[in-house]
Amino acid sequence: MLDTFDPSHPAAAVAILYQDNRFLLQLRDDNPAIRYPGHWAFFGGHLESGESPEAAMQRELQEELGYSPPQIDYFTSSLTDTQIIRHVFYAPLTVRIEDLELHEGVDLGLSTIEEVKRGCRYSQRLGQMRPLARPHRQILLDFLQWGIETNSNSFKPFKHNDRDGEGKNL
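Using numbering that gives the first Met the number 0, the letters of the sequence shown correspond one by one to residues 0 to 169.
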């Protein structure tokens with residue numbers, strides 16, 4: 000992972016926010032000037048000059064939702080089809096969705112694992128189905144494949160060192 004912004008490699012920090020086996024997503028504006036208009040995507044954004052990916056993630060969540068997670072963990076970094084390095088973090092959503100302040104996008108919602116697998120979810124605000132942005136959906140699918148411990152009341156991803164060399168839980 001890059002430690003700070005590097006102008007030769009545009010980078011973004013995004014968050015997988017989870018609550019009760021669901022993932023918080025933002026429905027992006029239907030503006031053709033932005034990436035993935037009208038698609039469900041993660042909250043997050045570009046790193047500013049001199050900013051670390053984790054600091055960018057914290058800043059973006061505060062700007063876009065008025066939310067600061069109690070803990071944030073690193074998941075992965077990857078170069079996307081758009082030549083942007085995407086730094087992915089995950090954190091619990093510890094407040095009710097109604098307590099969040101949506102400052103960017105047209106809707107937000109908690110997506111189920113089935114919606115992620117299907118690649119679309121319904122927007123209550125727009126009254127229609129909308130697709131998940133392809134790279135964000137793939138990151139969630141990778142996150143699910145990485146290994147999770149679930150029950151009816153919680154979602155807890157395993158950390159890499161909680162698995163043996165064959166991907167089995169320790």
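The beta carbon of each residue, even a glycine, is placed where N, CA and C say it ideally should be. Fair warning: this is a prediction, and the values are worked out from it, not measured in the lab.
Check                                                                                                                  : Outcome
Expressed to the nearest angstrom, what Euclidean distance is found between the alpha-carbon atoms of Pro69 and Arg21? : 18 Å
Do Leu182 and Arg95 have their CB atoms nearer than 8 Å?                                                               : Here the chain comprises residues numbered 0 to 169, so residue 182 is not present and cannot be evaluated.
Hey, would you say Leu64 sits closer than 8 Å to Leu109, going by beta carbons?                                        : no
In this structure, how does DSSP classify Ala142 when only helix, strand and coil are distinguished?                   : The identity of residue 142 in the sequence shown is Phe, whereas the question assumes Ala. Phe142 falls in the helix class under three-state DSSP.
Which residue marks the beginning of the beta strand (DSSP E) containing Leu109, and which one marks its end?          : 106-111
Between Leu131 and Arg120, is the Cβ-Cβ spacing less than 8 Å?                                                         : yes
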